[in-house]
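If you read the sequences in order, they're chains E and H.
Residue numbers for the first sequence follow our numbering, beginning at 466 and rising by one.
Residue numbers for the second sequence follow our numbering, beginning at 4 and rising by one.
Since the structure comes first, as structure tokens, the remarks are kept for the end.
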Amino acid sequence: MGMLLCLAVILSAAENAVVPVLPLGIKPGLSNIAIMAALIYFDGKSALTLAAMKSGFVFLTRSVMAGLMSLSGGIISAIVMLVLFKKTKSSLILTSVLGAVAHNLAQLLCSALITQSSYTLWYYPVLILTGTAAGALTGVVLSVVMPYLKNHFRKEWK
Amino acid sequence: MKEKIEFIKLKDIIIISAVIFIGLAGLLIPRLFDSGGVCSITLDGKKIYSARLSKETDKVFTLEEAPDFVFEIKNHEIRIVQSPCHDKICVHTGFIGRPGQAIVCLPNKLVVKIEADGADSGADLIIG
Numbered sequence: 466m467g468m469l470l471c472l473a474v475i476l477s478a479a480e481n482a483v484v485p486v487l488p489l490g491i492k493p494g495l496s497n498i499a500i501m502a503a504l505i506y507f508d509g510k511s512a513l514t515l516a517a518m519k520s521g522f523v524f525l526t527r528s529v530m531a532g533l534m535s536l537s538g539g540i541i542s543a544i545v546m547l548v549l550f551k552k553t554k555s556s557l558i559l560t561s562v563l564g565a566v567a568h569n570l571a572q573l574l575c576s577a578l579i580t581q582s583s584y585t586l587w588y589y590p591v592l593i594l595t596g597t598a599a600g601a602l603t604g605v606v607l608s609v610v611m612p613y614l615k616n617h618f619r620k621e622w623k
Numbered sequence: 004m005k006e007k008i009e010f011i012k013l014k015d016i017i018i019i020s021a022v023i024f025i026g027l028a029g030l031l032i033p034r035l036f037d038s039g040g041v042c043s044i045t046l047d048g049k050k051i052y053s054a055r056l057s058k059e060t061d062k063v064f065t066l067e068e069a070p071d072f073v074f075e076i077k078n079h080e081i082r083i084v085q086s087p088c089h090d091k092i093c094v095h096t097g098f099i100g101r102p103g104q105a106i107v108c109l110p111n112k113l114v115v116k117i118e119a120d121g122a123d124s125g126a127d128l129i130i131g
């Protein structure tokens with residue numbers, strides 16, 4: 466699990482390096498890869514903890530706002546993915562896509578609450594679309610990487 | 004970890020397509036209603052005229068409070084036809100029709116502005 470936290474943190478940092486290049490609000494959501502890995506190789510509780518810890522990291526290294534956004538997006542997204550993956554046994558891509566979309570929409574809601582304004586909510590279509598794309602991307606990356614992860618996690622698996 | 008994880012299933016394509024559709028619809032449908040919004044004319048900060056562009060018929064008019072100005076509304080857009088200022092930048096701006104646009108006549112402190120329906124002073128940019 467510690468490995469996964471490291472992974473989530475590194476992905477998060479790498480992602481922030483790329484952000485200035487991208488149009489407003491479009492984030493690759495790479496840290497979701499780590500959350501999904503936690504879901505697959507551990508359990509839902511671990512995934513939620515991971516999301517919370519990653520948000521804690523964001524809070525410590527960036528700002529309260531960023532931490533709050535990360536927390537709202539991450540927790541909701543993790544819950545959605547948990548339900549999808551564990552309860553309804555959805556496929557990898559579906560959990561990834563819907564998790565990413567949920568992440569974006571949750572953050573959108575959070576931003577609307579913070580600014581006490583409904584103005585930002587109009588941005589939802591873009592976020593749905595970018596979320597789908599990001600979710601597909603992270604899902605694919607995870608599936609590519611999974612064979613290599615399996616070997617590592619076999620030792621940690623109880 | 005004995006159970007196999009599926010990569011993708013047929014129903015996923017359907018669900019994801021639906022999600023994409025919702026996203027696209029949300030993006031494109033407001034475009035249909037784009038021209039319109041509420042235009043307001045303020046003189047020295049005081050609002051002297053306000054109208055919902057989509058409901059206005061074409062007309063040319065002046066306002067009591069700004070007698071030297073002539074405005075025109077045409078095709079749900081508004082412009083300044085005549086103004087007493089020296090540079091006539093406001094006149095040359097031409098028609099504006101979409102929320103966010105504005106015509107300003109600085110020397111006369113007159114502003115023609117278009118706001119989105121139900122606009123409030125929300126944040127323009129969220130970082131994070």
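Idealized CB from N, CA, C, for every residue including glycine.
Between the options, which lies nearest to residue i when the distance is taken from Cα to Cα?
i, options, result
"residue 565/E", "526/E, 546/E, 579/E", "546/E"
"residue 27/H", "602/E, 613/E, 593/E, 609/E", "593/E"
"residue 68/H", "44/H, 23/H, 102/H, 94/H", "44/H"
"residue 60/H", "75/H, 112/H, 93/H", "75/H"
"residue 570/E", "501/E, 559/E, 558/E, 587/E", "587/E"
"residue 613/E", "553/E, 506/E, 532/E", "506/E"
"residue 62/H", "32/H, 77/H, 21/H", "77/H"
"residue 88/H", "116/H, 101/H, 70/H", "70/H"
"residue 57/H", "65/H, 79/H, 91/H, 13/H", "79/H"
"residue 54/H", "30/H, 40/H, 113/H", "40/H"
"residue 529/E", "610/E, 554/E, 608/E, 575/E", "575/E"
"residue 119/H", "112/H, 101/H, 24/H, 18/H", "101/H"
"residue 91/H", "113/H, 104/H, 103/H", "113/H"
"residue 578/E", "534/E, 514/E, 540/E, 550/E", "534/E"
"residue 29/H", "610/E, 591/E, 609/E, 599/E", "591/E"
"residue 573/E", "552/E, 554/E, 539/E, 560/E", "539/E"
Beta-carbon separation of residue i and residue j under 8 Å?
i, j, result
"residue 72/H", "residue 86/H", "yes"
"residue 83/H", "residue 556/E", "no"
"residue 81/H", "residue 108/H", "no"
"residue 606/E", "residue 498/E", "yes"
"residue 517/E", "residue 503/E", "no"
"residue 496/E", "residue 519/E", "yes"
"residue 604/E", "residue 544/E", "no"
"residue 601/E", "residue 562/E", "yes"
"residue 596/E", "residue 568/E", "yes"
So that I know if they touch, is there some Cβ in chain H lying closer than 8 Å to that of residue i?
i, result
"residue 608/E", "yes"
"residue 559/E", "yes"
"residue 613/E", "no"
"residue 603/E", "no"
"residue 547/E", "no"
"residue 594/E", "yes"
"residue 526/E", "no"
"residue 511/E", "no"
Between residue i and chain E, is the shortest Cβ-Cβ distance under 8 Å, so that the two count as touching?
i, result
"residue 26/H", "yes"
"residue 18/H", "yes"
"residue 118/H", "no"
"residue 30/H", "yes"
"residue 22/H", "yes"
"residue 9/H", "yes"
"residue 50/H", "no"
What are the start and end residues of the beta strand (DSSP E) that includes residue i?
i, result
"residue 116/H", "113 to 118"
"residue 107/H", "105 to 108"
Note the first and the last residue of the continuous alpha helix (DSSP H) segment covering residue i.
i, result
"residue 506/E", "496 to 506"
"residue 581/E", "Per DSSP, residue 581/E belongs to no alpha helix (DSSP H) and is neither H nor E."
"residue 522/E", "509 to 526"
"residue 548/E", "Premise fails: residue 548/E is in no alpha helix (DSSP H) and is neither H nor E."
- Task: May I have a chain-ordered list of the alpha helix (DSSP H) segments no shorter than 4 residues that lie completely inside the stretch 24 to 100 of chain H?
- Result: 92 to 96
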